[in-house]
Amino acid sequence: MNADTRSLPLGASTFYILLALAGGDRHGYGVIKEVEAQTGGTVKLGPGTLYRLIKQLLTDGWIAEIDGEVSGDDERRRYYRLTPRGRDIARAEAERLDAVVAVARERRLLPALATV
Amino acid sequence: MQPALAVLFGIALALVPANFRREYGAAMRDDFARACAEERAVHGTVGAVIYTLGASGDLLTTAMREYAAMFFRDFSYALRSLRKTPSFTAVVVATLALAIGANAAVFSVLHAVVLAPLPYSDPDRLVALDALDRGKPTNFSLPDYADIARRGGSMFASSAAFEYITHTLTGRGEPRNFQGIATTPRLFDTLGVRPELGRFPSAGETVRGAAKTVVISDALWRSTFGADPSVLGANLRLDGDTYRLIGVAPADFHQPRLGQGFAVAEAWTFLPENGAGTEFDRGYRAFKVVARTQPGTSLATLRPALDALVQTLARRYPGDDTAHSVRIESLTDSLVGNARALFLAMFAAVGAVLLVACANVANLLLSRAASREREFSVRIAVGASRGRIIAQLLVETFVLALAGGALGIGLAYGAIAAFVAFHPSNIPRAELVTVDGTSILYTLGVVAFCTLAAGLTPAFASAQRDVAVALKSAGRGGDAHRGARARNILVASEIAMTLALVVGAGLVVRSFIALTGQPLGFEANLVTTVGGVDLPDSRYGVDAVREAMMTRTIEKVRSIPGVERVAWAFSAPFTRYNIGTTFTIVGHAVRPGFEPSSAMDPVGPEYFRILHATMLGGRAFSDDDRLGTPRVAIVNETFVRTYLQGRTPLGVQIIPSIALAADKTPPLRTIVGVVADLRSSFTKPAAAEIYLPARQLPIGSSTLVVATVPGTDPSAAVAAAVVSLDPLLPKPQVVALPELLSQSVAVQQLSVGALCALAFVALALSIAGIFAVVSYGVTQRTHEFGVRMALGADARQIVRMVLGGAMRLAFIGVAIGLLVAGAGTRLLSDQLFDTQPLDPLTFASVTGLVIVAALVAALIPARRATRVDPIVALRYE
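First to last, the sequence lines map onto chains A and B.
Residue 17 is where the first sequence starts when you use the working numbering, and the numbers rise one by one after that.
Residue 47 is where the second sequence starts when you use the working numbering, and the numbers rise one by one after that.
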């Protein structure tokens with residue numbers, strides 16, 4: 017594992033944000049919408065939590081701010097992008113969860129995966 | 047989008063730390079607007095409101111997390127920064143620890159002794175009654191008490207009268223003496239106390255003729271009966287009588303001692319509600335009264351009702367000229383009122399020390415901030431707000447105060463442990479004082495106060511510096527004037543507080559000297575008292591037997607080397623024993639039942655010589671005044687003044703009501719001498735007293751008074767001699783009379799000592815403060831002095847310049863301090879004896895002391911100013 021494993025496990029909201037940005041650069045509101053979509057509408061990040069975590073992720077260098085494109089309503093917004101380091105961390109967390117889920121399947125808490 | 051919702055979110059946003067809001071505020075507002083509009087579109091207005099509440103709550107959580115993160119950042123920054131200046135940190139922490147520790151210790155005492163509720167159920171409903179005789183507090187007789195108890199039912203739900211007595215317990219190991227209480231049956235009911243074991247007596251059990259019962263303390267139960275529950279129902283031999291043990295009082299029960307806290311009591315014996323027809327008649331005034339008021343009454347409504355009742359009673363007994371009245375006060379005031387005044391004064395003193403310490407620390411912080419100008423200027427230049435700098439400096443002060451508080455709590459623990467071990471016996475509940483959770487909470491409050499009091503001025507002063515000027519002149523300390531003014535104000539107020547405190551201490555010292563310097567009418571040196579030599583009625587009930595034993599004891603003790611003289615007395619000065627008697631003067635008729643009363647003391651022939659008392663007329667007792675010779679008496683000055691106004695006392699015949707078993711009626715006694723008052727207290731005036739020859743009235747519990755040869759200490763031999771004559775007597779308590787005198791003023795001594803210590807600390811802090819400010823000023827003005835000296839100013843002019851500035855501060859501080867002291871010492875006036883709160887001598891000498899101290903503190907740095915080398919000073923030009 018090449019990511020900083022000491023950061024794991026990630027907070028749920030942090031992981032959702034990293035996942036949202038793994039799908040492409042987004043501005044703040046875009047992250048909120050994406051997280052909502054990822055979680056089937058169960059998680060709607062509040063602006064406070066979102067920007068507190070964004071500030072922390074920027075400080076840690078897991079995401080970076082990029083110049084926004086001019087969007088439809090002609091407003092200049094700040095976009096965020098996953099850095100390679102952030103991607104490594106998110107992957108490490110996903111692998112950790114994958115291992116956990118594998119155990120859950122073994123214990124028959126979840127149905128076994130169909131063999132392809 | 048409803049504007050009201052945006053306003054709500056905006057309010058939450060305003061609580062977020064400024065830097066976070068600057069960075070992300072617009073984005074958050076924007077995202078909120080979109081999300082809210084979307085919720086409204088999908089779920090309607092209710093959805094939008096719910097979303098807004100959720101988002102605002104989320105923002106508040108965010109704000110708290112951000113502040114906490116900032117605090118911890120500042121906290122660790124402060125730790126790093128303070129570690130770099132260990133001597134500064136140590137001085138500040140030690141100063142604060144001393145002041146905070148003193149506050150924590152005094153608060154702990156105040157809390158346990160004064161503020162804590164009395165250890166009885168519903169203590170607000172408990173009151174103490176005092177009988178007043180011609181305006182002076184005296185005691186109730188049982189019939190007096192019964193009148194009030196019976197007719198005061200609308201006022202009092204329950205009440206009890208009790209007196210303090212001494213018991214001798216025999217038949218259970220070594221005979222021993224202890225303090226006990228004789229009370230009417232409802233004492234425990236009135237106080238709302240349940241027995242730990244067994245029961246308390248019912249009213250029927252205490253009538254005359256019923257078997258005598260006793261309740262003992264938990265301590266006695268453990269020490270003498272090994273905490274054995276089966277001891278209930280056992281018979282105890284107390285003073286030769288048999289009592290049935292019916293109950294054990296709980297361990298945490300404290301017997302009230304009206305007027306002065308709590309009494310040690312090991313046993314409670316019981317009296318009938320009404321003493322009429324017993325030896326406890328109207329003439330025997332020895333009882334204190336405690337009562338539980340009816341619910342819903344207050345002292346304000348009780349006072350007139352009680353006065354009316356007392357007047358009704360007075361009409362029932364016309365011709366009574368003693369003008370009885372009854373004073374009522376809350377039991378809390380009665381028990382802890384004196385201690386409250388004392389500890390509140392002490393609390394004010396430690397408060398003053400805290401202010402002085404904070405001023406000193408503020409000063410040190412200002413100097414430290416001045417040397418860090420560059421650091422702050424750089425931080426402001428790179429975008430830190432002034433608010434951030436202020437917050438960071440306050441956190442730094444908080445770290446210092448917290449360390450001081452932690453150390454201070456440690457000091458308070460030590461001080462309280464010492465206090466509990468050595469406290470004067472007449473401070474109520476002193477043994478219960480601990481540094482508990484409340485004390486720690488209080489200390490945290492003090493820490494917060496110190497943070498603001500010491501930290502605000504330096505923090506704001508540092509943050510207000512002009513960046514450009516500071517950066518330009520950084521490293522040479524240019525713009526120091528604003529800081530200088532703050533420093534001067536701090537030092538002046540420090541001097542003012544110190545002066546007020548030292549004046550207070552000075553007044554208390556003067557008062558103490560006046561109190562203990564009073565003539566007492568006797569010479570205490572070389573006199574030893576042997577107390578608690580109680581010859582019980584069971585074996586010494588026959589007067590001749592007791593008299594023979596008393597004579598044998600005198601002969602035996604007199605033969606001990608080192609004993610010069612010895613005499614019996616019932617109550618030597620400053621011992622706790624005393625008895626009184628009613629009396630009549632032959633040729634001066636008084637209605638039966640309303641005779642005047644006086645203290646009474648049967649004493650041996652040598653008693654007055656041993657004490658070096660002054661005979662004002664007539665003669666002292668001699669060996670010929672014994673059973674079988676004419677009955678005589680000696681009275682004191684106050685007796686003559688009170689009862690024999692305008693008569694020649696010698697030859698007057700009086701009839702004290704106390705009599706020997708053999709006497710059918712109390713005998714006539716002729717006054718053969720008048721003695722100057724022998725005082726038994728520094729604080730109370732002498733009472734009227736009748737002395738009788740001990741051999742003409744050999745009664746119980748007695749004291750031997752011994753004059754010793756200088757350089758010898760026969761006390762152990764005396765105690766052994768007494769026991770050798772009768773092995774069933776408990777070991778007597780031998781105490782030197784000077785020791786009794788100093789024990790009686792131990793509380794005053796403690797408060798004088800503590801106040802002086804606090805005044806000394808404040809003075810030391812102020813001297814340090816003046817020294818620091820003048821030193822700093824001299825350092826700042828090194829260049830100026832160099833120039834002046836280069837231009838021809840001589841050393842004396844430089845010294846005068848520096849001292850002049852310092853003295854101006856000192857005089858301003860002294861002037862303010864005199865005003866503060868003038869107002870503040872009024873609070874002390876109740877504590878002062880024969881000393882005016884505005885005593886000119888104290889004010890003048892303390893003013894002089896403070897000014898001299900300021901002068902000395904300024905002189906050292908002033909002399910350093912003259913050693914400035916003009917070449918070095920000008921090199922920076």
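Think of the CB as a built atom: it goes at the ideal place given N, C-alpha and C, for glycine as much as any other residue.
Just so you know, these numbers come straight off a predicted model, no measurement behind them.
Can you have a look at His89/B and say buried or exposed, based on whether 16 or more other CB atoms are within 10 angstroms of its CB?
It is exposed - the Cβ of His89/B has fewer than 16 other Cβ atoms within 10 Å.
Quick one: is Asp90/A near chain B, going by C-beta distance under 9 Å?
Note on Asp90/A: pLDDT 44, under 50, position unreliable in the model; the coordinate value appears next. The Cβ of Asp90/A sits no closer than 9 Å to any Cβ of chain B.
Proximal residues to Leu51/B (C-beta, below 8 Å), its chain only, five neighbours per side dropped
Cys82, Ala94, Val95, Thr98, listed in sequence order.
Can you name the residues of chain B whose CB is closer than 9 Å to the CB of Thr55/A?
Ordered by position in chain B, no residue passes the 9 Å Cβ test against Thr55/A, which lies about 15 Å from the chain.
Of all the CB atoms in chain A, is at least one closer than 9 Å to the CB of Arg111/B?
Chain A contact via Cβ: present.
Would you report the Cα separation of Phe568/B and Asp647/B, rounded to the nearest angstrom?
Roughly 16 Å between the two C-alpha positions.
Taking CB distances under 9 Å as the criterion, tell me whether Ile70/A reaches chain B.
Against chain B, the CB of Ile70/A has a partner CB under 9 Å away; the residue lies at that interface.
With DSSP collapsed to three states, give me the class of Leu884/B.
Secondary structure of Leu884/B (DSSP, three-state): coil.
My assumption, with CB atoms under 8 Å, is that Arg533/B sits in contact with Val819/B. Please give the rounded CB distance.
With a Cβ gap of about 5 Å, Arg533/B and Val819/B count as contacting.
Does chain B have any CB closer than 9 Å to the CB of Leu98/A?
Not one chain B Cβ lies under 9 Å of Leu98/A.
For a contact defined as C-beta to C-beta under 8 Å, what are the partners of His105/B on chain A?
For clarity, residue 105/B is Leu in the given sequence; the question names His instead. Those are Gly62, Pro63, Gly64, listed as they occur along chain A.
Which residues in chain B sit within 8 Å of Tyr45/A, going by Cβ to Cβ distance?
Here the neighbours are Asp76, Asp77, Arg80, Ala81.
Considering just the uninterrupted stretch of the beta strand (DSSP E) at Ala80/A, what are its terminal residues?
Per DSSP, the continuous beta strand (DSSP E) segment holding Ala80/A begins and ends at 79 to 82.
What alpha helix (DSSP H) runs, 4 residues minimum, are completely inside the region 137 to 211 of chain B?
Those alpha helix (DSSP H) runs which fall completely within the region 137 to 211 of chain B and span 4+ residues are 188 to 197.
Residue nearest to Pro607/B in terms of C-alpha spacing, selected from Thr141/B, Val755/B, Ala158/B:
For the residues Thr141/B, Val755/B, Ala158/B, the minimum Cα distance to Pro607/B belongs to Val755/B.
Considering Ala613/B, what are the terminal residues of the beta strand (DSSP E) in which it resides?
Run containing Ala613/B: 609 to 615, per the beta strand (DSSP E) assignment.
How about the region 824 to 843 of chain B and the region 593 to 613 of chain B: do they share at least three Cβ pairs that are nearer than 8 Å?
No, the region 824 to 843 of chain B does not touch the region 593 to 613 of chain B.
Which of the three DSSP states is assigned to Arg112/A in this structure?
If DSSP states are grouped into helix, strand and coil, Arg112/A belongs with the helices.
List, in chain order, every chain A residue whose beta-carbon is nearer than 7 Å to that of Thr108/B.
Residues of chain A whose Cβ lies closer than 7 Å to the Cβ of Thr108/B are, in chain order, Gly64, Thr65, Arg68.
How about Ile82/A: is its C-beta nearer than 9 Å to some C-beta of chain B?
Chain B, which has no Cβ nearer than 9 Å to the Cβ of Ile82/A, makes this no.
Do the region 803 to 821 of chain B and the region 905 to 921 of chain B touch if we need at least three Cβ pairs shorter than 8 Å?
Output reads yes: the region 905 to 921 of chain B touches the region 803 to 821 of chain B.
Would you mind stating whether Val649/B and Phe667/B have Cβ atoms separated by less than 9 Å?
Result yes, Cβ atoms of Val649/B and Phe667/B sit closer than 9 Å.
Under three-state DSSP, which class holds Thr98/B?
Note: Thr98/B maps to helix in three-state DSSP.
Buried versus exposed, by CB contacts within 10 Å (16 or more), Ala195/B:
That one is buried.
Between Arg245/B and Ile292/B, what straight-line distance do the alpha-carbon atoms span, to the nearest angstrom?
Those two C-alpha atoms are separated by around 6 Å.
Check whether the Cβ of Gly429/B lies closer than 9 Å to any Cβ atom in chain A.
With 9 Å as the cut-off, Gly429/B does not count as an interface residue toward chain A.
Starting from the beta carbon of Ile48/A, find every residue of chain B whose beta carbon is closer than 7 Å, and list them in chain order.
Taking the beta carbon of Ile48/A as reference, the chain B residues within 7 Å of it are Asp77, Ala81, listed in sequence order.
For Gly56/B, go through chain A and note every residue whose CB falls closer than 8 Å to its CB, in chain order.
None at all; the shortest Cβ gap to chain A is about 12 Å.
Cutoff 9 Å: Arg42/A Cβ touching any chain B Cβ:
Closer than 9 Å: no.
Among Ala800/B, Lys730/B, Lys130/B, which residue has its Cα nearest to the Cα of Ser790/B?
The shortest Cα separation from Ser790/B among Ala800/B, Lys730/B, Lys130/B belongs to Lys730/B.
Quick one: grab the DSSP three-state call for Leu284/B.
Taken through DSSP and simplified to helix, strand or coil, Leu284/B comes out as strand.
Between which residues of its own chain and Ile211/B is the CB-CB distance below 6 Å, once the five residues before and five after are set aside?
Only Gly226, Ala228 meet the Cβ criterion.
Residue-chain proximity (Arg93/A, chain B), Cβ-Cβ < 9 Å:
Yes, Arg93/A counts as interfacial toward chain B.
So what does DSSP say about Arg846/B, is it helix, strand or coil?
When DSSP states are grouped into helix, strand and coil, Arg846/B belongs to the helix group.
Any beta-carbon of chain A closer than 9 Å to the one on Gly93/B?
Gly93/B does not count as touching chain A.
Per DSSP, cross-strand counterpart(s) of His213/B:
Answer by DSSP bridge pairing, in chain order: Phe224/B.
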